[in-house]
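Residue numbers (this note's numbering): 6 to 406.
Where is the CB? At the ideal position from N, CA and C, for every residue including glycine.
I have placed the structure first, in the form of structure tokens, so that the comments after it can refer back to it.
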Ligand SMILES: [Mg+2]
């Protein structure tokens, strides 16, 4: 079973260790309202007033006038985070930390050490409570998705383990909004389609979801079925994701190159999202008949996994290469580099916001060109015809030294 351990109101809990008088009170960690501060963490007492993370501090104070605000001390949180990691690594050899207060553990094969999954979850939670004096919740399931949703259901200070085969019964009654990646905008779009709980989503025709949400539609359908990755990466993740295609016959028109590039980028971005990664840079390369392989790259201001942000960058790089040498091309490749996990991003770059940005992009284009005009990457390639019959596709995440 995969465990997801998530500290409860982590920053607030650490602050309470230093200042016990904050216990039981509505407390937030975050910047001052005068400097347009944002809530980084809210105690459960504060959440009852509608206060939540990523909210502006001025709004939080309006909702809860007696709110106590504490400035963040990231050095301190980092120290507790390291101590947490040391504990987690005692429980499993395969631990993937996804943010300062969250990690996945692969518990398969640990039964002889820790007993049943119920026993090991209780022991893990108890150990963190004893050694760090911090509350956490533990979720467990057949894959990371189920484990993550389960820990959310267990909060605060709970344990929720979903037995193998019980995924559907667990997911079906839950609101679609708890699926990682479904934020306000996506939730509203789904509600407009009459989809409220995950059972509704699962009953939906996948083709219809793809029509509505493009590649995200496929991901959404898979998540509704409870499908997720079991692969944890301890410490080092892949440094880049590459996709390339060698043409059966050399291609010498920029239109075809653009279409193939769009498809390669689409695939690379899908695997990025599947792995919970964001890219901080894009590189495009062309190989010519003489095997010279020039490439161009661009660093992104903000890491992203959103196609509509990546596509124009990749196109610009392709056009730069083509302007320099408009000759027959035998191979084209795209590479997403400077990868970071979602957890490495700032406090406020939640996956739901990324998703919403992506959907906003779709919505904007639909507004301009009418519904049905945009279905993301693959459709932008104009189908498989005219690709020049690619035969050697380099797929897969690449681990690099
Ligand atoms: Mg947490």
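Discussion item. Residues around ligand 1, please: the condition is that the C-beta lies closer than 6 Å to some non-hydrogen atom of it.
Written reply: This criterion selects 11, 12, 15, 106 and 107.
Worksheet item: Under the three-state reduction of DSSP, which class applies to residue 198: helix, strand or coil?
Response: Within the chain shown, the letter at position 193 stands for residue 198. In the three-state DSSP reduction, residue 198 falls in the coil class, being neither helix nor strand.
Worksheet item: Can you tell me the Cα-Cα spacing of residue 46 and residue 77, whole angstroms?
Response: Residue mapping note: residue 46 aligns to position 41 of the chain shown, counting from 1. Residue mapping note: residue 77 aligns to position 72 of the chain shown, counting from 1. Taking the straight line from one Cα to the other gives about 9 Å.
Discussion item. On the DSSP letters alone, give me the boundaries of the beta strand (DSSP E) that residue 285 sits inside.
Written reply: For the purposes of this step, residue 285 is identified with residue 280 of the chain shown, where counting begins at 1. First-last of the beta strand (DSSP E) with residue 285: 282-293.
Worksheet item: Would residue 102 be called buried (16 or more neighbouring beta carbons within 10 Å of its own) or exposed?
Response: As a first step, residue 102 must be located in the chain shown, where it is residue number 97. Around the beta carbon of residue 102, 16 or more other beta carbons lie within 10 angstroms, which makes this residue buried.
Discussion item. Can you give me the C-alpha to C-alpha distance between residue 7 and residue 110, rounded to a whole angstrom?
Written reply: Within the chain shown, the letter at position 2 stands for residue 7. Within the chain shown, the letter at position 105 stands for residue 110. Taking the straight line joining both Cα atoms gives about 6 Å.
Item to complete: Answer with buried or exposed for residue 106, where buried requires no fewer than 16 other C-beta atoms within 10 angstroms of its C-beta.
Response: Taking the first residue of the chain shown as 1, we reach residue 106 at position 101. Residue environment analysis places residue 106 among the buried positions, since at least 16 neighbouring C-beta atoms fall within 10 angstroms of its C-beta.
Discussion item. Can you list, in chain order, the residues of its chain with a C-beta nearer than 6 Å to that of residue 259? Leave out the 5 residues immediately preceding and following it.
Written reply: By 1-based counting over the chain shown, the position of residue 259 is 254. 327, listed in sequence order.
Item to complete: Name, in chain order, the residues that DSSP records as bridge partners for residue 33.
Response: As a position in the chain shown, residue 33 is number 28, starting the count at 1. Bridge partners of residue 33: 47 and 74.
Worksheet item: Using DSSP with H/G/I as helix, E/B as strand and the rest coil, what is residue 353?
Response: Position 348 of the chain shown holds residue 353. Bear in mind that the predicted position of residue 353 carries a pLDDT of just 34, short of 50, making it unreliable; the figure below should be weighed with that in mind. Look at residue 353 here: in three-state DSSP terms it is coil, with no helix or strand label.
Discussion item. Would the stretch 303-310 count as touching the stretch 276-285 if we require 3 or more Cβ pairs under 8 Å?
Written reply: As far as the Cβ criterion goes, the stretch 303-310 touches the stretch 276-285, which means the pair count is three or higher.
Worksheet item: Does the beta carbon of residue 330 come closer than 8 Å to any beta carbon on chain B?
Response: Given the protein chain composition of this structure (a single chain), no chain B is represented.
Worksheet item: Does the stretch 125-143 touch the stretch 31-50, meaning 3 or more C-beta pairs lie closer than 8 Å?
Response: No, because fewer than three Cβ pairs between the stretch 31-50 and the stretch 125-143 fall closer than 8 Å, the two stretches do not touch.
Worksheet item: Does the Cβ-Cβ distance between residue 152 and residue 163 come in under 8 Å?
Response: The residue you call residue 152 lines up with position 147 of the chain shown. The residue you call residue 163 lines up with position 158 of the chain shown. No, they are not a contact pair.
Discussion item. Taking its Cβ as the centre, do 16 or more other Cβ atoms sit within 10 Å of residue 91, making it buried, or is it exposed?
Written reply: For the purposes of this step, residue 91 is taken as the residue at position 86 of the chain shown. Label assigned to residue 91: exposed.
Item to complete: Keeping to the same chain, check which residues put their C-beta closer than 6 Å to that of residue 226; ignore five residues upstream and five downstream.
Response: By 1-based counting over the chain shown, the position of residue 226 is 221. Excluding sequence neighbours, residue 226 sits near 211 and 214.
Worksheet item: Is residue 296 buried or exposed, if buried means 16 or more other CB atoms sit within 10 Å of its CB?
Response: Here residue 296 corresponds to residue number 291 of the chain shown, with the count starting at 1. By the neighbour-count rule (16 or more Cβ atoms within 10 Å), residue 296 is not buried but exposed.
Fill in: Whole-angstrom distance between residue 276 and residue 58, CA atom to CA atom
Numbered from its first residue, the chain shown carries residue 58 at position 53. Numbered from its first residue, the chain shown carries residue 276 at position 271. When rounded, the distance between both Cα atoms is 28 Å.
Worksheet entry | Secondary structure of residue 12, DSSP reduced to three states | Your numbering for residue 12 matches position 7 in the chain shown. In this structure, residue 12 counts as strand in the three-state DSSP scheme.
Worksheet item: Mind checking whether residue 56 and residue 44 have CB atoms under 8 Å apart?
Response: Within the chain shown, numbered from 1, the residue matching residue 56 stands at position 51. Within the chain shown, numbered from 1, the residue matching residue 44 stands at position 39. Contact: yes.
Item to complete: Under 8 Å Cβ to Cβ from residue 333, same chain only, skipping five residues before and after it: list those, please.
Response: Here residue 333 corresponds to residue number 328 of the chain shown, with the count starting at 1. Here the set comprises 255, 256, 257, 293 and 294.
Item to complete: State the start and end residues of the unbroken alpha helix (DSSP H) segment that holds residue 84.
Response: In the chain shown, the residue the question calls residue 84 occupies position 79. 79-96 is the extent of the alpha helix (DSSP H) around residue 84.
Discussion item. Applying the 10 Å Cβ sphere with the 16-neighbour rule, what's the burial state of residue 262?
Written reply: Counting from one through the chain shown, the residue named residue 262 turns up at place 257. Answer is buried; the Cβ neighbour count reaches 16.
Discussion item. Let me confirm a value: residue 405 is counted as buried when at least 16 other C-beta atoms fall within 10 Å, else exposed. Which label applies?
Written reply: As a position in the chain shown, residue 405 is number 400, starting the count at 1. Residue placement at residue 405 is flagged as unreliable, the pLDDT there being 31, under the threshold of 50; the coordinate-derived value follows with that caveat. Exposed.
Discussion item. With three or more C-beta pairs closer than 8 Å as the rule, is the stretch 107-126 touching the stretch 69-84?
Written reply: In short, these stretches do not touch, since the Cβ pair count stays below three.
Practice prompt. Would you mind reading off the limits of the alpha helix (DSSP H) that contains residue 105?
Written response: As a position in the chain shown, residue 105 is number 100, starting the count at 1. Element bounds for residue 105: n/a, residue is neither H nor E.
Worksheet item: Of all the options 343, 18, 199 and 264, which has the alpha carbon lying nearest to the alpha carbon of residue 287?
Response: Mapped onto the chain shown, residue 287 falls at position 282. When C-alpha distances from residue 287 are compared across 343, 18, 199 and 264, the shortest belongs to 343.
Practice prompt. Assign residue 13 to one of two classes, buried (16 or more other C-beta atoms within 10 Å of its C-beta) or exposed (fewer than that).
Written response: Position 8 of the chain shown, counting from 1, holds the residue named residue 13. Buried, since its Cβ has 16 or more Cβ neighbours within 10 Å.
Worksheet item: On the premise that residue 266 lies in contact with residue 315, defined as a C-beta separation below 8 Å, what is that separation, rounded to the nearest angstrom?
Response: In the chain shown, counting from the first residue as 1, residue 315 sits at position 310. In the chain shown, counting from the first residue as 1, residue 266 sits at position 261. Contact between residue 315 and residue 266 is ruled out by a C-beta separation of about 11 Å, above the 8 Å threshold.
Practice prompt. Could you check if residue 381 is buried or exposed, using at least 16 other CB atoms within 10 Å of its CB as the buried criterion?
Written response: As a first step, residue 381 is located in the chain shown; it is residue number 376 there, counting from the start. Legend: pLDDT at residue 381 = 35, less than 50; position of this residue unreliable, no value from coordinates given.
Worksheet item: With contact counted as at least three CB pairs below 8 Å, one residue from each stretch, are the stretch 192-203 and the stretch 170-184 in contact?
Response: Flag = yes, the stretch 192-203 and the stretch 170-184 touch.
Worksheet item: Taking the alpha-carbon positions, what's the residue 155 to residue 140 distance?
Response: Within the chain shown, numbered from 1, the residue matching residue 155 stands at position 150. Within the chain shown, numbered from 1, the residue matching residue 140 stands at position 135. Computed Cα separation, rounded: 16 Å.
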